[in-house]
Amino acid sequence: MVKLKHGAHECVLTSPVIIANGICNICFSDEPVEFACEVCNFDLCRACSKLPLKVSHEFHPDHPLEFCLGNRDGNERYKLCSGCGDLFSDQSLYYKCKDCEIFLDVGCAILNNIETSWYAEEKLHYSHVHLLRRCKPGPDARGSCLICELPITPSSISYGCFQCYLFVHERCIDVLPREIQHPVHQAHPLKRLDFTHTCGDGKIPCCEVW
Numbered sequence: 001m002v003k004l005k006h007g008a009h010e011c012v013l014t015s016p017v018i019i020a021n022g023i024c025n026i027c028f029s030d031e032p033v034e035f036a037c038e039v040c041n042f043d044l045c046r047a048c049s050k051l052p053l054k055v056s057h058e059f060h061p062d063h064p065l066e067f068c069l070g071n072r073d074g075n076e077r078y079k080l081c082s083g084c085g086d087l088f089s090d091q092s093l094y095y096k097c098k099d100c101e102i103f104l105d106v107g108c109a110i111l112n113n114i115e116t117s118w119y120a121e122e123k124l125h126y127s128h129v130h131l132l133r134r135c136k137p138g139p140d141a142r143g144s145c146l147i148c149e150l151p152i153t154p155s156s157i158s159y160g161c162f163q164c165y166l167f168v169h170e171r172c173i174d175v176l177p178r179e180i181q182h183p184v185h186q187a188h189p190l191k192r193l194d195f196t197h198t199c200g201d202g203k204i205p206c207c208e209v210w
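UniProt numbering applies: residue 1 is where the sequence shown begins, and numbers increase by one.
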């Protein structure tokens, strides 16, 4: 019988006599149980049993990054991977620096070739009330760009609101100004509407120019 002390559980885990499938308490996948705590009904698959509790990377040499099980309170929030720039749910597994705002998803944490961190520029944009940060929407990508209304894809570099999970493509962020002056109506500037809504004939009276 092999024993394992893992940071994900307070008890010592042991390898089962008979290998059977179970739901891993870390990744929640249905896999053969590599280690278990029978008292607490805690199962661990092979892949998760080998995850290091701490990792170090050249791009953040001052502090180690520590393994986190993820949020289990039911309120999903999103974090930015400082390696690849993907957004990921804090209900998944990840690594973080307890002293700095540095996070890595598991995929980037086990790589040793991350030398520079993702450029996460912040911008305020008229299309949304919250601060937007440069990122990639990641595996949960859904919805469309707030400007061009084309679909958001997992790898499309964008500026996103982590609270609302809304995005503007990087290529769109500075393309359409909030306000323009147009020769067809020189008396007033024309403002871009932040919503799409059709009522009646679809015309919005503003000096009867549309």
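Where is the CB? At the ideal position from N, CA and C, for every residue including glycine.
Can you give the Cα-Cα distance for N112 and A120, rounded to whole angstroms? 21 Å
Anyone know if the C-beta pair for I147 and V168 falls short of 8 Å? yes
Cβ contact check for the region 84 to 92 and the region 46 to 56: 3 or more pairs under 8 Å: no
Which of the three DSSP states is assigned to V17 in this structure? coil
So for C100, helix, strand or coil by DSSP? coil
Tell me, which residues are paired with H169 by DSSP? S158
Could you spell out the range, first to last residue, of the beta strand (DSSP E) harbouring C108? First-last for C108: V106 to A109, but that is the alpha helix (DSSP H), not the beta strand (DSSP E).
Whole angstroms are fine: how far does the CA of C108 sit from the CA of C172? 28 Å
I187, enclosing beta strand (DSSP E) - first and last residue: Per the sequence shown, residue 187 should be read as Ala rather than Ile. Where A187 is concerned, the enclosing beta strand (DSSP E) stretches over H185 to K191.
Could you tell me which whole beta strand (DSSP E) segments of length 3 or greater appear in the region 1 to 82? 21 to 23, 30 to 37, 42 to 45, 54 to 57, 60 to 68 and 78 to 80
Neighbourhood of D43 by C-beta distance below 7 Å, restricted to the same chain and skipping five residues each side: G22, I23, C24, N25, V33 and A36
Sheet register partners of L135 (DSSP bridge): Looking at the sequence itself, residue 135 is Cys, so the reference to Leu does not match. C135 pairs with S158.
Less than 7 Å between C-beta atoms, sequence neighbours within five positions excluded: which residues of the same chain meet that for C145? I152, F167, V168, H169 and C172
When the Cα atoms are used, what is the spatial distance from T198 to E149? Confidence at T198 is low in this model, with a pLDDT of 48, below 50, so the placement of that residue is unreliable and no value is reported for it.
According to DSSP, which residues form a beta bridge with residue 213? In the structure as shown, the chain begins at 1 and stops at 210. Residue 213 is therefore absent and cannot be evaluated.
Coil, strand or helix - S117 by DSSP: coil
Quick one: what's got a C-beta closer than 8 Å to C40's C-beta in the same chain, skipping five residues either side? H9 and C11
Please classify S144: does DSSP put it in a helix, a strand, or coil? strand
Per DSSP, cross-strand counterpart(s) of H182: H185
Can you tell me whether S158 is buried or exposed? The criterion is at least 16 other CB atoms within 10 Å of its CB, across all chains shown. buried
Tell me whether Y126 sits in a helix, a strand or coil according to DSSP, three-state version. coil
Between the CA atoms of G160 and V106 - distance to the nearest angstrom: 21 Å
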